[in-house]
Amino acid sequence: MGTGQKCTTMESSTTEFEIIQDGPLAQLSLEERAIVLRQSNTQVGDVGYFALYRYATILDYALMFLGVVAACIGLKTKQVDEPEANVYSCSPIHSPITFDQMGPVMLMNSKGKLTKTLYTSSILYCIALTCTEIKAIVVFISTFICTFSWMFTGERITKQIREQYLRAIMRQNIAYFDKLGAGEVTTRITNDTALIQEGISEKAAVCCTAIATFFSAFIIAFIKNWKLALVLSSTIPFLCVTLGTVSTYLRKFANAALDHYSSGGALAEEVFSSIRTAQAFGTQEMISAMYYGHLRLAYKEGKKKSIALGLMGAIIWFVLYSAYALAFWEGARMVIQGELTAGIVVNVFFAVVMGSMSMSQIAPNITSFTTAAGAGKKIFETIDRKTTIDSMADEG
């Protein structure tokens, strides 16, 4: 079995080094090539989005849970509406009088000509306005708590990732740095960790709020009228399939663009560190062409990512506007048949509108999530890499 594994390693090494026969390893034997390849390569594997939270502590999870609860409370407060009864609910939209009519109502009250119906309506209208102000305050506080908790945990987790990455870099054997440019380490610690922080902090908070909006809006729609809400829910599977499919391609293009940017940064860092040598040999044009090649490849991948994102946005908005048309058509039919009132149609429609609009807020943030996962791929590869010679190990 050991001989078979050795032969397999030799064959894979031979296949890989056939591509670089003119390189610096061409003069080595197959066994020496396999040793160098094993000591310098890293294990390539996909990093999921939730793997970015591997260094989160109990406090971080508690804060994130608090942020999710705060988002749900804020959205439920914003969308709360009592079922229609003989008197309207705690919302000015159901009031039989308007704000412009309050002046004449007060004048009638001063003259003693105010009827009981108008008096009750005016009191309930004032209560509704007060409830609206209270709801606005609750929404503000809950939104602040949600955003702060996620951004705070994002800062803490990113700090741990930077420390673990730097510690892993210091542990690597010298062969590892033959394929790692000096600028690449700087790029990983600064740019890539910033992308990770963006994907696990404020963008995650926005996405959490949008998801809570989506579910709470459809719950309210089903409470108001389940038939109309069920008809409008036919667009949900199409949205989920679109988001899931396009996000896969977005992650692929984001990973490729980050790799090209990192290679270009490493090249520029090495050239600037030995600028005298580059100037002495007159290699400015050649190095500029090499750097431009990295940027051109990154531009192509970024262009593909932008096209995929635009296509996803177009499909989502098409589905949303189709849902609006379906809501008015089916709602009008049900009103004509006497199954529900126009007020219920408006309530269900706006609930679906808010839920659908929340899905449109998720779409642009998917790019941040895929980019964060792509940035974490190279970082976690280095962190998880077991070096052959560990200078910080307790065992010799």
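Residue numbering for the sequence shown follows the UniProt record's numbering, starting at 1 and increasing by one per position. Note that the Cβ used here is the ideal one computed from N, Cα and C, for glycine as well. Treat the numbers as computed from the prediction; the structure is a model and nothing was measured.
Query                                                                                                                                                                                               : Result
Could you tell me how far apart the beta carbons of leucine 309 and leucine 250 are, in whole angstroms, since I believe they sit closer than 8 Å?                                                  : 7 Å
Which of the three DSSP states, helix, strand or coil, is assigned to glutamine 337?                                                                                                                : coil
Please classify residue 397 as buried or exposed, where buried requires at least 16 neighbouring CB atoms within 10 angstroms.                                                                      : Because the chain spans 1 through 396 in this model, residue 397 falls outside it and cannot be assessed.
Using the C-alpha atoms, what's the distance from leucine 295 back to arginine 385?                                                                                                                 : 28 Å
So which of Thr367, Arg276, Ile362 and Ile336 has the shortest CA-CA distance to lysine 304?                                                                                                        : Thr367
What are the start and end residues of each continuous alpha helix (DSSP H) run of 4 or more residues lying completely inside the segment 197-257, in chain order?                                  : 202-224 and 226-232
What would DSSP say about asparagine 173, mapped onto helix, strand or coil?                                                                                                                        : coil
Determine, using beta-carbon pairs with one atom in the segment 141-158 and one in the segment 67-75, whether at least three such pairs fall under 8 Å.                                             : yes
Whose CA, out of Ala56, Arg171 and Ile189, lies closest to the CA of isoleucine 379?                                                                                                                : Ile189
Thinking C-alpha only, which one of Cys72, Ala327 and Phe350 is nearest valine 231?                                                                                                                 : Ala327
In chain order, what residues of the same chain have a beta carbon less than 7 Å from the beta carbon of tyrosine 53, not counting five sequence neighbours either side?                            : Ile157 and Ile200
Could you give the residue range of the alpha helix (DSSP H) that holds glycine 374?                                                                                                                : 342-384
Just curious, the alpha helix (DSSP H) that phenylalanine 50 is in, first and last residue?                                                                                                         : Segment: none, phenylalanine 50 is in no alpha helix (DSSP H) and carries neither H nor E.
If you measure between the beta carbons of isoleucine 169 and threonine 382, is that distance less than 9 Å?                                                                                        : yes
Whether or not the segment 360-374 and the segment 253-272 are in contact is what I'm after, with contact meaning three or more pairs of Cβ atoms, one per stretch, closer than 8 Å; do they touch? : yes
Could you check if glutamine 197 is buried or exposed, using at least 16 other CB atoms within 10 Å of its CB as the buried criterion?                                                              : buried
With DSSP run on the structure shown, which of helix, strand or coil describes threonine 283?                                                                                                       : coil
Put leucine 63 into one of helix, strand or coil per three-state DSSP.                                                                                                                              : helix
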